[in-house]
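Protein chains in written order, with the numbering used here: chain A, 677 to 788; chain B, 77 to 194.
Glycine included, every Cβ here is placed at the ideal spot set by N, Cα and C.
All values reported here derive from a predicted model rather than from experimental measurement.
This is the structure in structure tokens:
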């Protein structure tokens with residue numbers, strides 16, 4: 677069955693620390709992958725997306741993600757986090773269908 | 077340019093009642109998807125509407141139904157409410173197109189309607 681998993685449920689970092697959030701998917705064939713962020717009290721916003729081409733995708737606010745097909749991974753990275761990055765992050769995938777399958781989310785807390 | 081809007085923002089119902097949630101898509105979008113997000117979980121796909129028809133459905137019972145209007149706005153109806161239907165209901169809009177014969181769309185989400193069933 678198609679699925680998306682996020683293994684880090686809660687992450688706490690200090691400002692300026694580097695961030696990597698894991699996302700693994702189980703899909704056959706081609707896959708579209710996404711990272712969304714939900715800041716406190718706000719709605720889901722698209723951070724970045726991968727459809728095809730360059731496996732290193734750059735998004736907004738300094739985030740990037742790398743699609744590694746051999747590892748079925750699409751990890752989110754940021755070299756230096758800020759207090760304002762405190763939010764919940766969701767990885768999602770879609771393959772051959774119109775529905776997105778979401779992971780359970782990772783709550784990131786950045787300490788000032 | 078308004079993004080995706082949803083109404084109402086909050087709703088309280090009792091078991092057995094029926095509820096209707098509404099969504100207006102982002103300007104230029106023709107497709108609406110609905111998701112249910114329970115506390116502490118990621119959004120779960122309910123169904124998607126395109127050209128006023130249900131195009132795909134997730135694992136939700138027939139108590140969940142929807143509609144899309146000619147102006148692309150959409151409604152989600154839930155009948156015979158259960159306590160377990162308490163959740164945040166998200167609407168996402170997108171524009172459907174094919175790129176290299178693959179459908180490529182990016183879904184943009186609204187703020188959601190928080191439903192509490194007592």
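In whole angstroms, what separates the C-alpha of residue 728 (chain A) from that of residue 778 (chain A)?
19 Å
Inside the region 109-158 of chain B only - beta strand (DSSP E) runs reaching at least 3 residues
120-126, 129-133, 140-144 and 150-154
Excluding sequence positions up to five away, which residues of its chain have a Cβ less than 8 Å from the Cβ of residue 726 (chain A)?
708, 709, 710, 733, 741, 743 and 750
Could you spell out the range, first to last residue, of the beta strand (DSSP E) harbouring residue 160 (chain B)?
Counting along the chain, residue 160 (chain B) falls outside any beta strand (DSSP E), and DSSP gives it neither H nor E.
Which class does residue 738 (chain A) belong to by DSSP, given the choice of helix, strand or coil?
helix
Would residue 181 (chain B) count as contacting chain A if we go by Cβ distances under 9 Å?
yes
Partner residues on chain A for residue 190 (chain B), Cβ-Cβ distance less than 8 Å:
The premise fails here: residue 190 (chain B) is roughly 12 Å from chain A at the closest Cβ pair, so nothing lies under 8 Å.
I'd like the list of long-range same chain contacts for residue 712 (chain A), defined as Cβ closer than 7 Å, with 5 residues on each side in sequence excluded.
720, 721, 722, 723, 766 and 768
Would you grab the beta carbon distance between residue 755 (chain A) and residue 702 (chain A) for me? Rounded to a whole angstrom, and I think it's under 8 Å.
That pair is no contact at about 29 Å.
Check the Cβ-Cβ distances between residue 93 (chain B) and every residue of chain A, and say whether any is below 9 Å.
no
For the beta strand (DSSP E) holding residue 686 (chain A), just list the boundary residues, first then last.
686-690
So if I threshold CB-CB distances at 7 Å, which residues from the region 680-691 of chain A count as touching chain B?
none
Closest Cβ-Cβ distance between residue 723 (chain A) and chain B: below 9 Å?
no
Short Cβ contact (9 Å threshold) for residue 154 (chain B) with residue 194 (chain B)
no
Against chain B, with Cβ distances strictly below 9 Å, would residue 720 (chain A) count as a contact?
yes
If we cut at 9 Å on Cβ distances, does residue 776 (chain A) have a partner in chain B?
yes
On the DSSP bridge list, what partners appear for residue 696 (chain A)?
A:753
Would you mind stating whether residue 186 (chain B) and residue 168 (chain B) have Cβ atoms separated by less than 9 Å?
yes
List the residues of chain B that residue 766 (chain A) touches, going by C-beta distances under 8 Å, in chain order.
118 and 119
Range of the contiguous beta strand (DSSP E) that encloses residue 679 (chain A):
679-681
Where does residue 102 (chain B) fall in DSSP's three states?
coil
Can you pull the chain A residues whose beta carbon is under 7 Å from the beta carbon of residue 187 (chain B), in chain order?
719
Using the beta-carbon of each residue, which ones in chain B are nearer than 7 Å to residue 781 (chain A)?
118
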